[in-house]
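Shown next, in structure tokens, is the structure this report addresses.
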Amino acid sequence: MSESDKRGIITAQARRVGHALQWAREWGRLQMDALRLRLQTKTPHEALVEMTNRCNLNCPFCMVGRQNDLTATHGNAAHSLMKRRMGVMSPETFERVRAELKRFGIRNAYLYFQGEPFLNVNTIPFAAQLKKDGLFVAIYTNGQAFSGNMIQELAEAEIDLIRFSVDGASEETYQKNRVGGKFAAVYENMRLVVEAHRGKRTRIEWQFIAMQNNEHEVEAARLLAGKIGILFFVKGFRESVPALAPTKAEYAPNFIPKPCTDIYRHLGIYWNGDVVPCCYDNDAVEVMGNVMENSLKKIWRSARYRQFRTAVKNVRVDPGHEPELCRTCLRWR
Ligand code: SF4
Numbered sequence: 000m001s002e003s004d005k006r007g008i009i010t011a012q013a014r015r016v017g018h019a020l021q022w023a024r025e026w027g028r029l030q031m032d033a034l035r036l037r038l039q040t041k042t043p044h045e046a047l048v049e050m051t052n053r054c055n056l057n058c059p060f061c062m063v064g065r066q067n068d069l070t071a072t073h074g075n076a077a078h079s080l081m082k083r084r085m086g087v088m089s090p091e092t093f094e095r096v097r098a099e100l101k102r103f104g105i106r107n108a109y110l111y112f113q114g115e116p117f118l119n120v121n122t123i124p125f126a127a128q129l130k131k132d133g134l135f136v137a138i139y140t141n142g143q144a145f146s147g148n149m150i151q152e153l154a155e156a157e158i159d160l161i162r163f164s165v166d167g168a169s170e171e172t173y174q175k176n177r178v179g180g181k182f183a184a185v186y187e188n189m190r191l192v193v194e195a196h197r198g199k200r201t202r203i204e205w206q207f208i209a210m211q212n213n214e215h216e217v218e219a220a221r222l223l224a225g226k227i228g229i230l231f232f233v234k235g236f237r238e239s240v241p242a243l244a245p246t247k248a249e250y251a252p253n254f255i256p257k258p259c260t261d262i263y264r265h266l267g268i269y270w271n272g273d274v275v276p277c278c279y280d281n282d283a284v285e286v287m288g289n290v291m292e293n294s295l296k297k298i299w300r301s302a303r304y305r306q307f308r309t310a311v312k313n314v315r316v317d318p319g320h321e322p323e324l325c326r327t328c329l330r331w332r
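Residue numbers (numbering that gives the first Met the number 0): 0 to 332.
Right under this line is the structure:
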């Protein structure tokens, strides 16, 4: 066979592979679109229920507070850039929220949004109640606010998931990211929480957000987690502060092509009962209603919520009307 014949065969094979890849990509896109259409008929089954928007730490990457700037100018900044009012979910608001979660068909309750959930003294009783109601219940925490009998009471509630956000394996690195916290304190609290849950079904996790200043400690953290028997995982840093992005490609976050479908999966309820459509709405940009005034069903069907869903859904064909909130999204691109 001549050289030119060989080249011809190789070119034909490359062309066939190219077509196959193109076909696979197109097929994947069509599948994704079909899935989107199915999701767009659903109502959310998950709710982020904010116990409080107060926090005990000053984390520099916090999307709400831009803590570094504020700490530099004012000395202390825990969430003070947030424009909405600070507060704590009251038992009255919780009872209303609880009734609405059931009525609307929410199956998973995540008792956090902004702030540190355990700063609300009622978080554990609220969690226990929702668990009794038959919901999947999860709490994400910085792990610094445990005191007295809290760990024992938490274990008695036997919720489904407790996730600790701990971004370092040494005091020095941890305190750069969780400003105001102590690594020794959170490590001891994780150990105690794991101990108290022995024999229970609760999943207890250590989430490590990999950033430029801590990615060298991932393996040390994994070892420390193994020592106390907590499940460990690394999460890619969503670049709320680009300068903190990790250098290793394996820690880069995955982005999903728009249009977003998260709004059919979850909604958020602030401590005061305000309902927002997405976990990135930290500062009441898209308040759809308040559960103290209207049912979740009525809020979901409101003109404002419908318009928001339409604008999110039509982002490819009508990008000019994409909600402002979504233009800086750290999950969908
Ligand atoms: S901000 Fe992002 S996650 Fe939230 S609704 Fe918009 S696209 Fe979806």
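For glycine and all other residues, C-beta sits at the position ideal for the given N, C-alpha and C.
Are residue i and residue j closer than 8 Å when you measure CB to CB?
| i | j | result |
| --- | --- | --- |
| Y263 | L100 | no |
| V136 | A154 | no |
| F236 | A244 | yes |
| M189 | I229 | yes |
| F163 | V185 | yes |
| Q206 | K234 | yes |
| C278 | L324 | no |
| H265 | E91 | no |
| K257 | V316 | no |
| E214 | Y250 | yes |
| N293 | Q113 | no |
| M88 | M50 | yes |
| F93 | F117 | no |
| R83 | A248 | no |
Cutting at 6 Å between CB atoms, please list the residues of its own chain near residue i, excluding the five before and the five after it.
| i | result |
| --- | --- |
| T260 | R35, L38 |
| E170 | F182 |
| E115 | C54, N55, N141, A144 |
| A127 | A156 |
| L129 | A108, V136 |
| M210 | F236, L243, P245 |
Beta strand (DSSP E) containing residue i: first to last residue?
| i | result |
| --- | --- |
| D273 | 273-275 |
| H265 | 265-268 |
| F207 | 202-209 |
| R46 | Here residue 46 is Ala; the residue named in the question, Arg, does not match the sequence. Note, A46: beta strand (DSSP E), 45-48. |
| K5 | Where K5 is concerned, there is no enclosing beta strand (DSSP E), although the alpha helix (DSSP H) it sits in stretches over 2-38. |
| K353 | The chain is shown only over 0 to 332; residue 353 falls outside these bounds and no answer can be derived. |
Excluding the five sequence neighbours on either side, which residues of its own chain have a C-beta within less than 7 Å of the C-beta of residue i, listed in chain order?
| i | result |
| --- | --- |
| V96 | V48, I268, G272, V290 |
| A168 | E216, A219, A220, L223 |
| I298 | V274, M287, G288, Y304 |
| S301 | M287, G288 |
| P322 | E285, F307, A310, V311 |
| M0 | none |
| R6 | none |
Please identify the residue among the options whose C-alpha is closest to the C-alpha of residue i.
| i | options | result |
| --- | --- | --- |
| H320 | Q306, R330, L329 | Q306 |
| L295 | Y279, N57, W270, R102 | R102 |
| E194 | A184, L29, V178, I227 | I227 |
| I208 | H44, F112, K82, F60 | F60 |
| G147 | G180, I123, K5 | I123 |
| R200 | G180, M50, D166, I158 | I158 |
| T327 | P241, K247, A248, T246 | P241 |
| S246 | N212, A98, K131 | The question names Ser, but residue 246 is Thr in the sequence shown. The shortest C-alpha separation from T246 is found at N212. |
| N333 | I9, W270, N57 | Residue coverage of the chain in this structure runs from 0 to 332, which leaves residue 333 outside it and unanswerable. |
| R202 | P252, Y139, E152 | Y139 |
| D166 | C58, R197, L160 | C58 |
| N52 | L110, E152, P318, Y173 | L110 |
| V192 | T172, L160, G180 | L160 |
| P252 | R330, E187, F231, Q21 | R330 |
Excluding the 5 residues preceding and the 5 following residue i in the sequence, name in chain order all residues of the same chain whose CB lies nearer than 8 Å to its CB.
| i | result |
| --- | --- |
| L134 | L100, I105, R106, N107, A108 |
| A19 | none |
Specify, as a first and last residue, the run of the alpha helix (DSSP H) that residue i falls within.
| i | result |
| --- | --- |
| L222 | 217-227 |
| K257 | No alpha helix (DSSP H) holds K257; DSSP gives it neither H nor E. |
| F60 | Premise fails: F60 is in no alpha helix (DSSP H) and is neither H nor E. |
| L100 | 90-103 |
| K297 | 295-300 |
Spell out whether any CB of chain C is found under 8 Å from the CB atom of residue i.
| i | result |
| --- | --- |
| I203 | Of the protein chains in the structure, only one exists, and it is not chain C. |
Every unbroken alpha helix (DSSP H) inside the segment 109-186 [4 residues or more]: With a minimum length of 4 residues, the unbroken runs of alpha helix (DSSP H) contained wholly in the segment 109-186 fall at 122-131, 149-156, 170-176.
Runs of alpha helix (DSSP H) wholly within the segment 307-331 (minimum 4 residues, chain order): Unbroken alpha helix (DSSP H) runs of no fewer than 4 residues, entirely contained in the segment 307-331, are found at 323-326, following chain order.
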